[in-house]
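In what follows, a structure is listed as structure tokens, so that the remarks can point back to it.
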Amino acid sequence: MLQRLLFGLIAVASLSLVGCAHSPQQLNPQPTLKAQLAPVGHGQPVVVRVVDGRASQSLGTRGGMYPETSTISVSGNDVVPKLQAQAEAAVRLLGFTPTPNASNAPQLTVTLAELKYQSPKDNLYVTEATIGATFRADVRNGGRSYNGRYGASLDQRFGMAPNQDTNTQLVGDVLSDALTRLFKDPTIGQVLGQ
950 MLQRLLFGLI AVASLSLVGC AHSPQQLNPQ PTLKAQLAPV GHGQPVVVRV
1000 VDGRASQSLG TRGGMYPETS TISVSGNDVV PKLQAQAEAA VRLLGFTPTP
1050 NASNAPQLTV TLAELKYQSP KDNLYVTEAT IGATFRADVR NGGRSYNGRY
1100 GASLDQRFGM APNQDTNTQL VGDVLSDALT RLFKDPTIGQ VLGQ
């Protein structure tokens, strides 16, 4: 009898501890441009390239009792093609024609420099997260060049630990905001159009 009671207590304690642990999440965000852009070009070709410049595909952890098991990651193989499509759409809205290769054409390289997700490490329960994204733009046109950094962040509070869909939406929103800031920089269109 005592052995059954002890086994039952161990089982309940184990399940309680498992409830404090979080599984890893592989996110698949859908970044989108969130603004209308004023056309400044006249159909000139522009070589557009998006690259993943992050040191790691891991954004961070969701915290909890065992943060090392609750990593959040976004694969460059998943996000770069989506960012490429959005960058080409933005270049079209600016009045240019994206092209894979054109000799002597202006070039725009958009680098995903940072993507992070931070939760407090001293809490057993995930109640908040700071999500951030940073892009770098490098524009080259003849002898002229322009570089800029564009970021967005979000501080989000939760009543309970966010699931994968919620985190995917939040990371996608932050990526979208940072990408929109990049293409709203009027100097990018000016340098491409010269």
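Number 1119 in this note's numbering belongs to position 170 of the sequence shown; there are no gaps in the numbering. Glycine is no exception: its CB is placed at the ideal position from the N, C-alpha and C atoms. Quick caveat: nothing in here was measured; it's all calculated off a predicted structure.
- Item | beta strand (DSSP E) segment containing Q1171, residue limits | Nothing can be reported for residue 1171, as the shown portion of the chain is limited to 950 through 1143.
- Item | Neighbourhood of S1024 by C-beta distance below 6 Å, restricted to the same chain and skipping five residues each side | Within the sequence shown, the letter at position 75 stands for residue 1024. Taken in chain order, the residues that qualify are Q1006.
- Message: The beta strand (DSSP E) that contains P1047, what's its start and end?
- Response: In the sequence shown, counting from the first residue as 1, residue 1047 sits at position 98. Segment T1046 to T1048, the beta strand (DSSP E) holding P1047.
- Task: Under 8 Å Cβ to Cβ from R1003, same chain only, skipping five residues before and after it: list those, please.
- Result: On the sequence shown, position 54 is the one that residue 1003 refers to. G1025, L1061, A1062, E1063 and L1064.
- Report the residue from L1128, P994, T1136 and P973 whose alpha carbon sits nearest the alpha carbon of P1049. Residue numbering aside, residue 1049 sits at position 100 when the sequence shown is read from its first letter. Closest option to P1049, Cα to Cα, is P994.
- Give the range of the alpha helix (DSSP H) segment to which N1053 is assigned. Reading the sequence shown from its first residue, position 104 is the one you call residue 1053. Unbroken run through N1053: none, as it is neither H nor E.
- Would you mind working out which of R1085, Q1105 and R1093 sits nearest T1076, comparing C-alpha positions? As a position in the sequence shown, residue 1076 is number 127, starting the count at 1. Considering only alpha carbons, the answer is Q1105.
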